[in-house]
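Each remark here refers to the structure printed beneath this line.
2 protein chains.
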Amino acid sequence: MQLSLTRQGNCPLYRQITNQMREYIRAGAIPVGSRLPTVRELASQYNLTRLTVHTAYAELQSEGLVEAVVGRGTFVAARLPIPTTVQATLDLPAPPPPAWSSQGLLADMMRMTEHPDLLSFAQAIPEATTYPTHELGRSLRSALENPAALSYGSTQGELALREQVAHILLDRGIVTSPELVLITSGAQQAIDLALRALVSPTDVVFVEEPTYVGALELAAQRNQRIIGIPVDASGIKLDALEAACQHYHPRLLYLIPTFHNPTGLSLAAERRQALLRLARTYDFFIFEDDVAGMLAYDDPALPALKALDTEGRVIYGTSFSKMLLPGIRLGMIVAPEAHLLSLLAAKRTSDLFCSPLLQHALADYLHRHHLSAHLQRVRPIYHERRDAILSALQRHMEQCSWTQPAGGFNLWVMLPPQINERDFYLQAIEHGVGFAPGAAFFTQPQARASLRLSFGSHSPTRIEQGVAILGNLLRQQLAEIERLATRTGMTGSLL
Amino acid sequence: MQLSLTRQGNCPLYRQITNQMREYIRAGAIPVGSRLPTVRELASQYNLTRLTVHTAYAELQSEGLVEAVVGRGTFVAARLPIPTTVQATLDLPAPPPPAWSSQGLLADMMRMTEHPDLLSFAQAIPEATTYPTHELGRSLRSALENPAALSYGSTQGELALREQVAHILLDRGIVTSPELVLITSGAQQAIDLALRALVSPTDVVFVEEPTYVGALELAAQRNQRIIGIPVDASGIKLDALEAACQHYHPRLLYLIPTFHNPTGLSLAAERRQALLRLARTYDFFIFEDDVAGMLAYDDPALPALKALDTEGRVIYGTSFSKMLLPGIRLGMIVAPEAHLLSLLAAKRTSDLFCSPLLQHALADYLHRHHLSAHLQRVRPIYHERRDAILSALQRHMEQCSWTQPAGGFNLWVMLPPQINERDFYLQAIEHGVGFAPGAAFFTQPQARASLRLSFGSHSPTRIEQGVAILGNLLRQQLAEIERLATRTGMTGSLL
Numbered sequence: 004m005q006l007s008l009t010r011q012g013n014c015p016l017y018r019q020i021t022n023q024m025r026e027y028i029r030a031g032a033i034p035v036g037s038r039l040p041t042v043r044e045l046a047s048q049y050n051l052t053r054l055t056v057h058t059a060y061a062e063l064q065s066e067g068l069v070e071a072v073v074g075r076g077t078f079v080a081a082r083l084p085i086p087t088t089v090q091a092t093l094d095l096p097a098p099p100p101p102a103w104s105s106q107g108l109l110a111d112m113m114r115m116t117e118h119p120d121l122l123s124f125a126q127a128i129p130e131a132t133t134y135p136t137h138e139l140g141r142s143l144r145s146a147l148e149n150p151a152a153l154s155y156g157s158t159q160g161e162l163a164l165r166e167q168v169a170h171i172l173l174d175r176g177i178v179t180s181p182e183l184v185l186i187t188s189g190a191q192q193a194i195d196l197a198l199r200a201l202v203s204p205t206d207v208v209f210v211e212e213p214t215y216v217g218a219l220e221l222a223a224q225r226n227q228r229i230i231g232i233p234v235d236a237s238g239i240k241l242d243a244l245e246a247a248c249q250h251y252h253p254r255l256l257y258l259i260p261t262f263h264n265p266t267g268l269s270l271a272a273e274r275r276q277a278l279l280r281l282a283r284t285y286d287f288f289i290f291e292d293d294v295a296g297m298l299a300y301d302d303p304a305l306p307a308l309k310a311l312d313t314e315g316r317v318i319y320g321t322s323f324s325k326m327l328l329p330g331i332r333l334g335m336i337v338a339p340e341a342h343l344l345s346l347l348a349a350k351r352t353s354d355l356f357c358s359p360l361l362q363h364a365l366a367d368y369l370h371r372h373h374l375s376a377h378l379q380r381v382r383p384i385y386h387e388r389r390d391a392i393l394s395a396l397q398r399h400m401e402q403c404s405w406t407q408p409a410g411g412f413n414l415w416v417m418l419p420p421q422i423n424e425r426d427f428y429l430q431a432i433e434h435g436v437g438f439a440p441g442a443a444f445f446t447q448p449q450a451r452a453s454l455r456l457s458f459g460s461h462s463p464t465r466i467e468q469g470v471a472i473l474g475n476l477l478r479q480q481l482a483e484i485e486r487l488a489t490r491t492g493m494t495g496s497l498l
Numbered sequence: 004m005q006l007s008l009t010r011q012g013n014c015p016l017y018r019q020i021t022n023q024m025r026e027y028i029r030a031g032a033i034p035v036g037s038r039l040p041t042v043r044e045l046a047s048q049y050n051l052t053r054l055t056v057h058t059a060y061a062e063l064q065s066e067g068l069v070e071a072v073v074g075r076g077t078f079v080a081a082r083l084p085i086p087t088t089v090q091a092t093l094d095l096p097a098p099p100p101p102a103w104s105s106q107g108l109l110a111d112m113m114r115m116t117e118h119p120d121l122l123s124f125a126q127a128i129p130e131a132t133t134y135p136t137h138e139l140g141r142s143l144r145s146a147l148e149n150p151a152a153l154s155y156g157s158t159q160g161e162l163a164l165r166e167q168v169a170h171i172l173l174d175r176g177i178v179t180s181p182e183l184v185l186i187t188s189g190a191q192q193a194i195d196l197a198l199r200a201l202v203s204p205t206d207v208v209f210v211e212e213p214t215y216v217g218a219l220e221l222a223a224q225r226n227q228r229i230i231g232i233p234v235d236a237s238g239i240k241l242d243a244l245e246a247a248c249q250h251y252h253p254r255l256l257y258l259i260p261t262f263h264n265p266t267g268l269s270l271a272a273e274r275r276q277a278l279l280r281l282a283r284t285y286d287f288f289i290f291e292d293d294v295a296g297m298l299a300y301d302d303p304a305l306p307a308l309k310a311l312d313t314e315g316r317v318i319y320g321t322s323f324s325k326m327l328l329p330g331i332r333l334g335m336i337v338a339p340e341a342h343l344l345s346l347l348a349a350k351r352t353s354d355l356f357c358s359p360l361l362q363h364a365l366a367d368y369l370h371r372h373h374l375s376a377h378l379q380r381v382r383p384i385y386h387e388r389r390d391a392i393l394s395a396l397q398r399h400m401e402q403c404s405w406t407q408p409a410g411g412f413n414l415w416v417m418l419p420p421q422i423n424e425r426d427f428y429l430q431a432i433e434h435g436v437g438f439a440p441g442a443a444f445f446t447q448p449q450a451r452a453s454l455r456l457s458f459g460s461h462s463p464t465r466i467e468q469g470v471a472i473l474g475n476l477l478r479q480q481l482a483e484i485e486r487l488a489t490r491t492g493m494t495g496s497l498l
């Protein structure tokens, strides 16, 4: 590496270093993983101050091109970020920083469940009293008598369960066969397997903006290039999607078309066919996450996108966690035939198979037609709670706007523009109420504070209490901002 | 790119092109993914015949440096192979091809379990009649009464189980705390999580040669650079390991030091400390796979390598599949503290958590001290079967050599050099006996045919029957080769 630096002109020395090194790194002339000269070495070689070199290195680091390792030096980053020049000219959303880092937030959300005193709307948990303990106990006893349930299982999943799954998916409009069903450890593993099997780390993956936290964390961990596509009240915006397709050539769109997480809204019927046409035109696959699809309150939900898929573009994934109970940790993929083998290989290398004991128990439970009875029992409960939260929001948080889900148990609230999300979040916890802060669901920072309220596990009375506390807190914060604005004569409205 | 070619000297033109282009590619001067000039362009630019350029490109392609795409041209390969010059001078094994592809073989082995008539030694399965159905049923009933067992679980695993696990690991010499235990979906997921958390795809991973099929398939799926280190009767060869360390800078060594899969042998005591010293000197981590560590026949096995690990270099993984039963699909990692958070993030993105229902049931089972009673019951069974298979090999397959495991239920057989592994494998199945062919366990093709016999699930009588059939087949094949050699006057001994 040879730098050519000049003290003439008005480009500062540190920027000349940054620019030239960036070129070297992008061209591969300084290979990935190699150590840069130390600050001291470079300063002495080119007769520069150490501060100049240090500033240049910090700049490269902030661009994601190099990484500093304490005590070891500065190294060319293993995964170079996408050049930003492309985006700038296209006026498309910039790609997210290489590591989406709500890890602390996820840890917070986990910790919330361990606080018995906290009234938490953070996690999307079903009502525990509906869990079919008795029926499941009987099915487990029956499974224990089956020798196949105790030994090694099939990677694809036990046939008895796959048959039942193919049957219940008819309710989502999906006509499939047990041969195309793959049993997974919940929907999270379904997403992970789809990425492992279909998507290389250099491929671009599209997601809705906002979307499920677990998909974002997975993408960040893979260093996957992800692009968020905005949604409106009818779901993903197809014009924005098409514009992005023209420039990023996505391999996969991760989508929650029915009772979307976090908003609770569904993709409109007229957009579904158009979306599949786009998938064909731009040759990408869709992972359809349908974890809440069975939880429509009144009218049945629209059929799954998979039901419209005539050419194997949709990988369908769901889980029994929301519709039945989380504790059995079982979900599924309905695979396009062309991808079945690579999905099976991904499952095999991930964890070989799911517990056949649980699979046979669940198959027995489903075989006895308990699921439809269970769904008939739980839907009115979530309906009542949805009504309770809408009514409470109306009375206590009229300064906000929110969504009106027709199924599932997630609801999205946009706070007034003056409110700072982190302040509101931390103070709410101090006042005894938890929620999932909006930032967790986006690939990029958002100007407007928002939050997700998951109301599945709380009675109408508790919902009313919790929202009242949030409403009080909101009024206090707005009053304090108003007081400061009046006193100082400033608005702070751009902050 | 500028080539400097001369018609003087005795280096042919095509080789000069190959040599110089190789340098350019390795230096990054022709970036990964970029298109080389067409054969026609380069020939015309340097006044060469097209055949010369074509030969040079074919050479680069066979080295894995470039890839030809029909109709589009020749491109610098996305993943450059490890330079072979290093190996040539060191007499080290060449790196494996990028995709280890025993997928068909794994599918075969899966299919074998579905053939009720086949006497299969292919899969390492415990004796099914030892599965503790009754005790487990009681523990499951108890778990069903625990509301925590039905809802979302902790990513790290239920504390009740982690406490029990920390306790039983004392038997392997491991003193740890529940805070460092992470519950996994079997040992396969433990390996997968360790790679996800600690190893980037460009890192080099060492494995024993031979080693566990599932680790090889996982590495191939990740396109991981893996290097096999040979073993002898005392385990991994430390001189070969050190020589390889000096050139490949491994990030991780995947190791099965106790009742190794597939050989059944254990790493000698005196090599264990020396191995940890090497890990320190060359700064790599060790994943210790200990799935059979609890299954010593007489004398207890050597303590786990983890028991000697004073500086957090060993990630310990095991599973209840061999020591108890596969159907509950639970295993664990004991993590070095520094890697706990990234292992947890890997678990979260993989499948969030393991079924708390099964975890609480297993915790209850362990809490009642059933495991040690179970182990006392099963060890003599596997001991007797090991004796049966040794005796049968002695009587029916004296032309072979084999290992003498002191625990677990895998044994390794080397066939006479005349025998072709695939022929023997397919014919054995035709004769009603299955086994795991040796090729599945190596990163590279082997000259000598070998096989793994897993005898855990077969009675001494069945073992005798199966080995007798293999012995008959072997004699037939040897006789046929002898007959052909006599008739033709050829030996074919190098084939």
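So the sequences go chain by chain: C and F.
According to my numbering, the stretch in the first sequence is residues 4 to 498, in order.
According to my numbering, the stretch in the second sequence is residues 4 to 498, in order.
The beta carbon of each residue, even a glycine, is placed where N, CA and C say it ideally should be.
6 angstroms CB neighbourhood of residue i in its chain, flanking five on each side removed
i: ALA439(C); result: ALA125 and ARG455
i: PRO339(C); result: GLY315
i: ILE259(C); result: ASP292
Cβ neighbours of residue i in the same chain (closer than 8 angstroms, five flanking residues each side left out)
i: LEU244(C); result: PHE209, ILE232, LEU256, LEU278 and LEU281
i: GLN468(F); result: LEU122
i: LEU196(F); result: LEU185, THR187, ILE336, LEU346, ALA349, LYS350 and SER353
i: LEU162(C); result: PRO181
Secondary structure of residue i, DSSP reduced to three states
i: LEU183(F); result: helix
i: ALA102(F); result: Residue confidence for ALA102(F) is low, a pLDDT of 36 falling below 50, so the modelled location carries little weight; the figure read from the coordinates is stated next. Looking at ALA102(F) - three-state DSSP - the assignment turns out to be coil, as it is neither helix nor strand.
i: LEU93(F); result: Because LEU93(F) sits at a pLDDT of 38, beneath the cut-off of 50, its placement in the model cannot be relied upon, and the point is left open.
i: ILE177(F); result: coil
i: ASP354(F); result: helix
i: VAL317(F); result: strand
i: ALA450(C); result: coil
i: LEU256(C); result: strand
i: ALA391(F); result: helix
i: ARG38(F); result: strand
i: THR87(C); result: Residue placement at THR87(C) cannot be trusted, given a pLDDT of 34 that sits under 50; what the coordinates show is reported in the next sentence. Helix.
i: LEU133(C); result: For clarity, residue 133(C) is Thr in the given sequence; the question names Leu instead. Here THR133(C) sits in helix by DSSP.
i: PHE78(C); result: strand
i: PRO408(F); result: coil
For residue j and residue i, the rounded distance between their alpha carbons
i: VAL89(F); j: HIS250(F); result: Its pLDDT being 32, under 50, VAL89(F) is placed unreliably by the model, and the measurement read from it follows with that caveat. One C-alpha to the other measures close to 8 angstroms.
i: LEU201(C); j: THR266(C); result: 27 angstroms
i: ILE239(F); j: LEU270(F); result: 7 angstroms
i: ALA80(F); j: LYS325(C); result: 45 angstroms
i: ALA236(F); j: ALA349(F); result: 35 angstroms
i: GLN48(C); j: MET4(F); result: 28 angstroms
i: ASN552(F); j: ARG38(F); result: Absent from the model: residue 552(F). The displayed extent of chain F is 4 to 498, so no value can be given.
i: GLN397(C); j: SER154(F); result: 31 angstroms
i: ALA482(C); j: THR261(C); result: 38 angstroms
i: ASP120(F); j: GLY176(F); result: 42 angstroms
Identity of the residue in the options nearest residue i by Cα
i: ASN226(C); options: GLU211(C), ASP206(C) and VAL234(C); result: ASP206(C)
Chain-order list of residues whose beta-carbon lies under 7 angstroms from that of residue i (same chain, five-residue window excluded)
i: ALA169(F); result: THR179, SER180, PRO181 and VAL184
Does the count of Cβ pairs from the region 350 to 367 of chain C and the region 282 to 290 of chain C closer than 8 angstroms reach three?
Judged by Cβ distances under 8 angstroms, the region 350 to 367 of chain C makes no contact with the region 282 to 290 of chain C, as fewer than three pairs qualify.
May I ask you to verify whether the region 386 to 399 of chain F touches the region 376 to 392 of chain C, counting CB pairs closer than 8 angstroms and requiring at least 3?
The answer is no - the region 376 to 392 of chain C does not touch the region 386 to 399 of chain F, with fewer than three Cβ pairs under 8 angstroms.
Is it the case that the region 421 to 431 of chain C contacts the region 451 to 466 of chain C, given that we only count it when at least three CB pairs across the two stretches are under 8 angstroms?
As far as the Cβ criterion goes, the region 451 to 466 of chain C touches the region 421 to 431 of chain C, which means the pair count is three or higher.
Check whether the region 367 to 374 of chain C and the region 398 to 405 of chain F are in contact - that is, three or more C-beta pairs closer than 8 angstroms.
No: fewer than three Cβ pairs fall under 8 angstroms.
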